[in-house]
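Chains as they are written, first to last, in this note's numbering: chain Y, 1388 to 1778; chain P, 3 to 274.
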């Protein structure tokens, strides 16, 4: 049965994904190396002495707010910008000084940049023809690409006769047609609506797996980066803040900046009271008389001020006090409720006026929820739910 | 919130258009006059058109004018397009402000001054004045019009199209001919037509820069009118008006259609 086959492939892909972590292997040679790269535009420093290794077959995401230098970093790999100083190598070859038309990278542009005076077919064939590939080989490759992006019946259309989603696929097919060593994706899904974007994210992952290529994606959408990428580099002011797999970025953010940029987070200012290997005990001004326990190792010393961060979905909101209301428990009143359908977000105002967010899945179909505005509630969390951040 | 035409608006429109087009309309009507007297209507006739095509002097002048206009438009389009690309593309090069100011100056320069300065130049370098000096002079003054038209198109040109071509292995030189030029072609063509019509009806600059044996149609008409207006001249002018009108309409329709197509594409993109 065909579904059985599909399940099997799915499982193999899952297997590859689970084991794939070349960045943990000191023997592995990276495909792309940025070494001490700096890029200045006049006075403005877009990239500040940055070093980064990206491995073959990796789906790598550059994530950051606009103006953080992520696009510049990518455009330097494509050859549209030259670094002011430093070295960029692709498969061992120094790229600095090589013009874009001689590099083995292809880019999918944010605006798609489809040639308006050429048909879909000619757009996809454009790069192959530049290489003087023979006619039959071009035709075969274009057909293959059209099939890959499910646009075979649109080959003769001009770009303006296509929908946004179809244009996005043509752009993808065109940039994949030459089988580049690295595919660069510049905010590739920005112009699509949410539903289509989510579908396309999974398609991108499948295509990347199928072709066994290295993808480098630039995005400001953290959900997109989390979904597609093997590793994410969070950037700010031309520097890398953290480079880790999505789960590590989300669950063990390296700094307050990462925690706040990726996902929702509540942060309490806290002082370390005691620490043993694997457990930190803290006190917070926002909750006098309470003690907080976080299951983690911490380099910071006893008495230091740190940030205690916890994600809204890891909190329990209850009207009755938990078994031990003096540990990992905050009290407050419901300030506001955001009903999202699948979740309700409770905004709880603590004694000192600080507000925190707690998400509670709506497990049953009820119109009247037991917790309502101005209720006094207990917000508690497990010791492995919170994270202590130094800065 | 539909506003009807008020009396004030209607009167303004009628007065304005009368002021602009009544003289031309009279000329066209009298070119079909059967009478020899320009000011007396004596019934409809195409007699003067027939007469016109037997007037060898006028036909020679028309042939000179067309050749001048064609060469002028072609050379001015190439130079003007290159100028427009230099101004929009190569960022802040040394002397950019000076260059862009200088390319616009001939637009506002009195024709008499342009003509006189070119005459002085041709005399100084001692070129035989005639067909080629008129052509050179026309290229000079129409080039900036082409530049303006092409430049306004290039400003809205999406640079990532060129980057995409480079990225796919196309050299910068080839990219210009297979990507940039086809996309800006409508603007280049309307620039050509503009240059063509400007050259076609120029009298002042041509008079300054001409020499023996090279008389353009406007010059011939002007010299004949000094001996008295004949209905034949009316007929010649009507034909000239018709050519200019057709060319201008085609050029503006092309620009308009291109703009509409661009907007349609943008709407489609927005609709997804």
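Every residue, glycine too, gets a C-beta built ideally from N, C-alpha and C.
Item, Value
"Residue-chain proximity (residue 1480/Y, chain P), Cβ-Cβ < 9 Å", "no"
"Residues of its chain near residue 146/P, where Cβ-Cβ distance is below 6 Å and the 5 sequence neighbours each way are ignored", "105, 108 and 109"
"Residue 1515/Y: first and last residue of the uninterrupted alpha helix (DSSP H) it sits in", "1507–1517"
"Beta-carbon proximity of residue 1689/Y to residue 1660/Y, cut-off 9 Å", "yes"
"Bridge partners - residue 1732/Y, DSSP secondary structure assignment", "1725/Y and 1746/Y"
"Span of the alpha helix (DSSP H) around residue 1771/Y", "It is not in any alpha helix (DSSP H) - residue 1771/Y carries neither H nor E in the DSSP assignment."
"Three-state secondary structure (DSSP) of residue 1389/Y", "Residue confidence for residue 1389/Y is low, a pLDDT of 39 falling below 50, so the modelled location carries little weight and cannot support an answer."
"Pairwise C-alpha distance: residue 1526/Y and residue 1505/Y", "16 Å"
"Whole beta strand (DSSP E) elements within the stretch 1414–1480 of chain Y, 3-residue minimum", "1419–1428, 1431–1441, 1446–1450 and 1472–1477"
"Proximal residues of chain Y, C-beta to C-beta of residue 163/P below 7 Å", "1500 and 1502"
"Straight-line gap, residue 1530/Y to residue 1599/Y (C-alpha atoms, nearest Å)", "19 Å"
"Cross-chain neighbours of residue 1494/Y in chain P, by beta carbon under 7 Å", "169"
"Check whether residue 1680/Y and residue 1668/Y have beta carbons under 9 Å apart", "yes"
"Interfacial residues, the stretch 178–201 of chain P to chain Y, with Cβ spacing under 9 Å", "180, 181, 184, 185 and 187"
"Burial state of residue 1539/Y, where buried means 16 or more other Cβ atoms lie within 10 Å", "exposed"
"Residue 34/P: first and last residue of the uninterrupted beta strand (DSSP E) it sits in", "No beta strand (DSSP E) contains residue 34/P, which DSSP labels as neither H nor E."
"Residue 146/P - DSSP class collapsed to helix/strand/coil", "helix"
"Rounded C-alpha distance that separates residue 1764/Y from residue 1736/Y", "10 Å"
"Residue 74/P classed as buried or exposed, judged by whether at least 16 other C-beta atoms fall within 10 angstroms", "buried"
"Residues bridged to residue 1492/Y [DSSP beta-bridge criterion]", "1569/Y"
"Start-end ranges of the beta strand (DSSP E) lying completely within the stretch 1560–1624 of chain Y, minimum 3 residues", "1569–1573, 1601–1606 and 1618–1623"
"Whole-Å CB distance - residue 1730/Y paired with residue 1745/Y, under 8 Å assumed", "Contact doesn't hold; Cβ gap of about 10 Å is too wide."
"Short Cβ contact (9 Å threshold) for residue 40/P with residue 86/P", "no"
"Residues sharing a beta bridge with residue 46/P, DSSP", "35/P"
"Burial state of residue 1760/Y (16 or more Cβ within 10 Å)", "exposed"
"Residues of the stretch 1421–1438 of chain Y with Cβ closer than 7 Å to any Cβ of chain P, in chain order", "none"
"Outcome for residue 1597/Y when other beta-carbon atoms lying within 10 angstroms are tallied against a minimum of 16", "exposed"
"Candidates 1620/Y, 1434/Y, 1440/Y and 1514/Y, of which the one nearest residue 1410/Y by Cα", "1440/Y"
"For residue 1659/Y, the three-state DSSP class (helix, strand or coil)", "strand"
"Within-9 Å CB hit, residue 263/P to chain Y", "yes"
"Pair within 9 Å by beta-carbon distance, residue 1571/Y and residue 1493/Y", "yes"
"Per-residue contacts from residue 1488/Y into chain P (C-beta, under 7 Å)", "168, 171, 172 and 173"
"Residue 251/P, buried or exposed, once every other Cβ within 10 Å from all chains shown has been counted against 16", "exposed"
"Contacts around residue 114/P, its chain only, beta-carbon distance under 7 Å, and the 5 residues preceding and following it disregarded", "206"
"Exposure label - residue 1453/Y; buried when at least 16 CB within 10 Å", "exposed"
"Unbroken alpha helix (DSSP H) run spanning residue 114/P, endpoints", "113–126"
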